[in-house]
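Have a look at the structure below, then the notes.
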C-alpha cells in the first residue's frame, strides 16, 4: 500500500492506483472530461491537472500513478488557473454556448466544469467555424459543433465494443470525429449499440428521442435488467411523468459492465405497436370491450368445457419473455389439466437446455466474464453481430487482447473479418465439423468427413492445434444450426468441451429460455386438433409462422400487451403489462437469477401476467403455488 496526502487528507491506496482514483477514494473530486471509469486512462483534456510536491509542472491526475508519500494539491491557484485556461481553449475551438445554454441544465459535463470554476464568459474569442451535423443514423445524431475531441466515444467503440468504427481525422483545429474512412454514421460499420452516445460528456452525440425531454433533475432512474435476450444485461431505465425517456447501460452491472446493444437501448424507444388497454370478447364476430370478470369467465368456461372432451384439448403457448413468476403459474394451470393439452413456449422446437437429456450440469456453464480469461474462443451456431450482440462485444474485445478466436458460421456474418480463424462451413454440416475437429484433436482426422464440411483438412488440423496449445479454452454456441438434429450437435460440442477441458456457454433465445426449458416448455408445437389455443404473448411480437399455425383454431385466447395479427383473430383478448411495467425474476443463460424492477405504471385496466394467471386459476378452482424459487433447478 502507498501512503498519500491529498489536500491535507491522508489515505492509503494499492500500488498502481492513479492519483485521480486515489482522490475519489478520499472523497475529493477532481474535474475531468476525457476520463471515464469504464475506459483506460487517456490524459487528453488536461482538466484534471494537479500540483505534486517536488514536481516542476502540473501533472494529469488520470494517468499519473500514485507514489508512496506523495503530497498532492488539487485546489491551488496554479491548478485553478490551469483549469480555467483549459476550459477557455475548449470553448474557443468549437461552437459551445455553455453560459447561455438552457437545454443541458446540469446534464453537460463541459458546462458543469465551467460553472465549478466560476466561469461566466469566454475569456477567448470563439473561432465561429461552422461544423457539420451528421443526422444519417436512425438512432442518434452527431453534432460536431459540440464535440471537444475527448475521444471517449472513440475509445469506448474500441475498448468496450471492440468495433473500432470511430476515429479522428485531420490535425489541429481541423481535427474531426469520423466513422470508418469518413463515411456518414448511417452508412458506417456502426452496430448501433449507442455506447458512444451514453459516454459522450457534452451532447455531441445525442439520441433522437431523449435530448429535449427533460433535465436529469426531472428524470427518475430505475435500475433493472434488459429482457431482450438471455444474457440479462444491467440497465437503467430513465422515465419522466410515467413516460420512457431513454435506456442506459448500468456501468456497475456485473454481467455487462455498462455495455448494451441496439435491442436493449433503442428498440424500446422505437416501439410503435398499439397497446391493448381493456379486455375484449368477440360478440357477433366483432371484438368488443368487456370487464375482466366477463373475459375471465368466458376463458375459464371454455377451458373447462374442452378439458371434459375425449379429443382435442388446449394448446397453451407462453412467451419466454415472461418473468419466472408468470411462467411458473402458466405451467401449473395448463400442465396436467388434460392429457390432450399441448403446453410449450414461443421458442418451441429450440434446444434451449441440456438439463434433461445430457449428463452435463447447467452449473458448468460459464458467464460472459470468462471470455476475458480465455486464451482461445470457439463460437458456433450463433450470429454474434445480429443476436446476443453484447456477447459479440466481449468476443471482439478478446481479439484485441490477442486471444485466438475461431468463428464458425454457415454464411458471412462480419465476425470472420475480425479474426484469421473465421470459417464458413457448408449448411447443415455443423455435426461433421465438430466430429472433424475432435478427430483432428486426437490425430485421427478422416478425409471423408471434410467433404461434408467444406473446408480443408489442413484448416481443421490448425484449429485443433490451437485447442492443444490453449490453457484456458472456451466454446460459445447458440441454436442457429442448420443440422437436422440440433441436440446431436450440442452433445458433440459438449463432449469436445469435456475432452479439451474447455469452458462452455450456450446463448439461448429470450430472457427466460432456460427456465422455460426447465418447465418442459421447449417441446415442439403442433395444433393436433386442439379446440382452444391460449397464447400468453406478453409483449412479444408473434411471428408470422406462429400466427399462420394457430389462426384457424376453433377458439383463440390472446394474453398480450400489444395489438397484433393474432389479437385481431382472437375470441378473447386479455391486456397485460409490458416488460417495463412489471416486476419479476429472470434466469440468465448461465443460470443466474436476477430481479427486474418496474419502471412505468400501467394503465388502470391492464393487469400483470401473474395477476391474470392467479385470477384464471381461481376461476378454474385451482390452488396455484406462487413459490417460484422451488421451480428453478439451479
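Numbering (our numbering), first residue to last: 1343 to 1976. Glycine included, C-beta positions come from ideal geometry on N, C-alpha and C.
Quick one: grab the DSSP three-state call for residue i.
i, result
"residue 1554", "coil"
"residue 1819", "strand"
"residue 1736", "helix"
"residue 1927", "strand"
"residue 1846", "strand"
"residue 1742", "helix"
"residue 1615", "coil"
"residue 1763", "strand"
"residue 1714", "helix"
"residue 1419", "helix"
"residue 1865", "coil"
"residue 1972", "helix"
"residue 1433", "helix"
"residue 1510", "strand"
"residue 1476", "strand"
"residue 1453", "helix"
"residue 1963", "coil"
"residue 1956", "helix"
"residue 1485", "strand"
Pull up the distance between the alpha-carbon of residue i and that of residue j, whole angstroms please.
i, j, result
"residue 1853", "residue 1666", "10 Å"
"residue 1710", "residue 1598", "8 Å"
"residue 1306", "residue 1392", "No answer is possible for residue 1306: the residues shown for the chain start at 1343 and end at 1976."
"residue 1413", "residue 1371", "16 Å"
"residue 1346", "residue 1366", "13 Å"
"residue 1783", "residue 1798", "15 Å"
"residue 1380", "residue 1499", "12 Å"
"residue 1558", "residue 1633", "40 Å"
"residue 1611", "residue 1562", "16 Å"
"residue 1971", "residue 1952", "15 Å"
"residue 1850", "residue 1418", "56 Å"
"residue 1596", "residue 1649", "46 Å"
"residue 1775", "residue 1671", "41 Å"
"residue 1864", "residue 1657", "13 Å"
"residue 1411", "residue 1405", "18 Å"
"residue 1497", "residue 1811", "32 Å"
"residue 1915", "residue 1621", "6 Å"
"residue 1751", "residue 1779", "15 Å"
"residue 1757", "residue 1765", "10 Å"
"residue 1571", "residue 1603", "10 Å"
"residue 1568", "residue 1761", "29 Å"
"residue 1629", "residue 1906", "13 Å"
"residue 1718", "residue 1818", "11 Å"
"residue 1521", "residue 1508", "5 Å"
"residue 1425", "residue 1390", "8 Å"
"residue 1833", "residue 1573", "22 Å"
"residue 1638", "residue 1855", "27 Å"
"residue 1578", "residue 1950", "21 Å"
"residue 1663", "residue 1591", "20 Å"
Once you ignore the five residues that flank residue i on each side, which residues in its own chain have a CB closer than 6 Å to its CB?
i, result
"residue 1485", "1475 and 1546"
"residue 1701", "Only weak support is given to the placement of residue 1701: the predicted model assigns it a pLDDT of 43, under 50, and the value that follows is read from those uncertain coordinates. Same-chain partners within the cutoff: there are none."
"residue 1437", "1487"
"residue 1748", "1720, 1763 and 1805"
"residue 1479", "1527 and 1528"
Report all residues from its chain with a CB closer than 7 Å to the CB of residue i; omit the five preceding and five following residues, and keep chain order.
i, result
"residue 1944", "1919 and 1923"
"residue 1378", "1494 and 1541"
"residue 1644", "1874 and 1897"
"residue 1619", "1917, 1945, 1947 and 1948"
"residue 1823", "1723, 1772 and 1831"
"residue 1492", "1375, 1376, 1386, 1387 and 1543"
"residue 1505", "1499, 1531, 1533 and 1738"
"residue 1871", "1653 and 1654"
"residue 1888", "1688"
"residue 1356", "1343"
Who does residue i pair with in a DSSP beta bridge?
i, result
"residue 1407", "1360"
"residue 1299", "Shown here, the chain extends from 1343 to 1976; a query on residue 1299 therefore has no answer."
"residue 1657", "1684 and 1875"
"residue 1576", "1567"
"residue 1352", "1347"
"residue 1918", "1949"
"residue 1936", "1928"
"residue 1401", "1392"
Return the chain-ordered list of same chain residues with a C-beta closer than 8 Å to the C-beta of residue i, the five sequence neighbours on each side being excluded.
i, result
"residue 1712", "1816, 1845 and 1847"
"residue 1352", "1345 and 1346"
"residue 1728", "1755"
Within 8 Å (strictly less), CB to CB, does residue i reach chain B?
i, result
"residue 1733", "The chain inventory of the structure shown lacks chain B, comprising one protein chain alone."
>> Assess contact between the stretch 1897-1906 and the stretch 1877-1886, defined as three or more Cβ pairs (one per stretch) separated by less than 8 Å. Is contact present?
In response: yes
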